[in-house]
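I have placed the structure first, in the form of structure tokens, so that the comments after it can refer back to it.
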Amino acid sequence: NEKSDWHIADDNHEGIRVYFDFDGIEKSAWFLLRLSVHDPVIPINIESDVPNGIKRIKTKLREILIGKKGLDISNL
Numbered sequence: 301n302e303k304s305d306w307h308i309a310d311d312n313h314e315g316i317r318v319y320f321d322f323d324g325i326e327k328s329a330w331f332l333l334r335l336s337v338h339d340p341v342i343p344i345n346i347e348s349d350v351p352n353g354i355k356r357i358k359t360k361l362r363e364i365l366i367g368k369k370g371l372d373i374s375n376l
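In this note's numbering, the protein residues as written are 301 to 376.
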């Protein structure tokens, strides 16, 4: 399963937080998908404590979202 290393955090009131265990380090990187209060967009915040963690998450997201109608993924 290509998403077996994706873990959805429990009880996140900001949005949907997905974390990753990269390089054997638990919860070493994550992204947060949330609704914008003022704009019709869904921002994605990405953070990582390991080298290339952000790049790895962006690649995973791009692979899933590419070709979906109405999405601007140019920053991924």
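Don't be surprised by glycine CBs; every beta carbon is placed ideally from N, CA and C.
Model, not experiment: these values are computed from the prediction.
>> Quick check on Ile-325: buried or exposed, where buried means 16 or more other Cβ atoms within 10 Å of its Cβ?
In response: exposed
> In three-state terms, what does DSSP make of Ile-243?
Replying inline: Past the boundaries of the shown model lies residue 243; the chain is included only from 301 to 376, so the question cannot be answered.
> So Ile-316 is in the beta strand (DSSP E); what residue range does that whole segment cover?
Replying inline: 316-320
> Whose C-alpha, out of Pro-340, Glu-363 and Arg-356, is nearest the C-alpha of Phe-322?
Replying inline: Arg-356
>> What does the alpha-carbon distance come out to for the pair Asn-352 and His-338?
In response: 31 angstroms
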